[in-house]
Amino acid sequence: GAVVSQHPSRVICKSGTSVKIECRSLDFQATTMFWYRQFPKQSLMLMATSNEGSKATYEQGVEKDKFLINHASLTLSTLTVTSAHPEDSSFYICSAIAQDFYEQYFGPGTRLTVT
Amino acid sequence: AQKVTQAQTEISVVEKEDVTLDCVYETRDTTYYLFWYKQPPSGELVFLIRRNSFDEQNEISGRYSWNFQKSTSSFNFTITASQVVDSAVYFCALSEAGLKMDSSYKLIFGSGTRLLVRP
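Line by line, the protein sequences are chains A and B. Residues 1 to 115 (my numbering) make up the first sequence, in order. Residues 1001 to 1119 (my numbering) make up the second sequence, in order.
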């Protein structure tokens, strides 16, 4: 099946700094990628939809200036958490949809801890 | 609005027992997809099944089976002869099946059911 990678898998950063998470589709081109957030023992909540070459569409309540999304190519989307705070600590998961079919493939997730 | 409800927060069974995880959904769409995912402690989501709204046939895959009932808006998942390796959080999810490729396929997840299979 299709593979989606995320980098880094874990990151610890200090409060006030920014951190970038990469999501890559390794063996297919993804016109659309999604970013989800999962707090401990909770469900996945969609943060934004990322389309190659256009601005991301954010879900209600998600600050677009706080969570910057860039989908510069058909295989890469990045999520930058700007001026991170401890409450941003969470598990961030991306998924990608290929051009020719609608199956959604999930990355392994990135655990962000802000100290 | 779309919504997925997994009323069972946590289920604990003894190995070899059968267990059913419930999923009830709400949508105004006539065409939609339903999914089940498994999330082991490692965190990575494992795709189990996708079912479209026009296909009400039940499906069996090894020890896993799914019962889709549009009349009750339910898509329940049964594990037969459970094993310790089945311990995980299981999510039911719903997506539209529209023509647009951008946001139509975003998934609405239920709150998940944590399954613990004891030896």
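We treat Cβ as the ideally placed atom computed from N, Cα and C, and that holds for glycine.
query: Among Ser54/A, Leu46/A, Ala2/A, which has the Cα closest to the Cα of Ile93/A?
result: Against the first sequence, residue 93/A aligns to sequence position 93. Checked all of Ser54/A, Leu46/A, Ala2/A; the closest Cα to Ile93/A is Leu46/A.
message: If you reduce the DSSP assignment to three classes, tell me which class Asp1102/B lands in.
response: Taking the second sequence and counting its residues from 1, one reaches residue 1102/B at position 102. Because the pLDDT of Asp1102/B is 46, which lies under 50, any placement of that residue in the model is unreliable, and the number read from its coordinates should be weighed accordingly. Here Asp1102/B sits in coil by DSSP.
task: Can you grab the Cα-Cα spacing for the pair Ala48/A / Leu68/A, in whole Å?
output: Indexing the first sequence from 1 puts residue 48/A at position 48. Indexing the first sequence from 1 puts residue 68/A at position 68. In a straight line, the C-alpha of Ala48/A is about 10 Å away from that of Leu68/A.
field: Buried versus exposed, by CB contacts within 10 Å (16 or more), Glu1010/B
entry: For the purposes of this step, residue 1010/B is taken as residue 10 along the second sequence, with counting starting at 1. Result: exposed.
field: Own chain partners of Arg1118/B with C-beta closer than 8 Å, once the 5 adjacent residues on each side are dropped
entry: Start at 1 with the first residue of the second sequence, and residue 1118/B comes out as number 118. Correct list, in chain order: Ser1012, Val1013, Val1014, Glu1015, Val1084.
- request: Name, please, each residue of chain B whose Cβ falls closer than 9 Å to the Cβ of Pro108/A.
  value: On the first sequence, position 108 is the one that residue 108/A refers to. Those within 9 Å of Pro108/A in chain B are Ser1042, Gly1043, Glu1044, Leu1045.
- request: Just grab the DSSP bridge partners of Asn1052/B for me.
  value: Locating residue 1052/B in the second sequence gives position 52, counting from the first residue. Tyr1033/B.
- prompt: Whose CA, out of Leu1115/B, Ser1095/B, Arg1114/B, lies closest to the CA of Ile1108/B?
  reply: Residue numbering aside, residue 1108/B sits at position 108 when the second sequence is read from its first letter. Taking only the C-alpha atoms, the option nearest Ile1108/B is Ser1095/B.
- prompt: With which residues is Gln1069/B paired in a DSSP beta bridge?
  reply: Residue 1069/B sits at position 69 when you count from the first residue of the second sequence. According to DSSP, which records beta bridges pairwise, Gln1069/B is partnered with Ser1074/B.
field: Partner residues on chain A for Lys1106/B, Cβ-Cβ distance less than 7 Å
entry: Working through the second sequence from its first residue, we reach residue 1106/B at position 106. Here the neighbours are Phe34, Leu46, Thr49.
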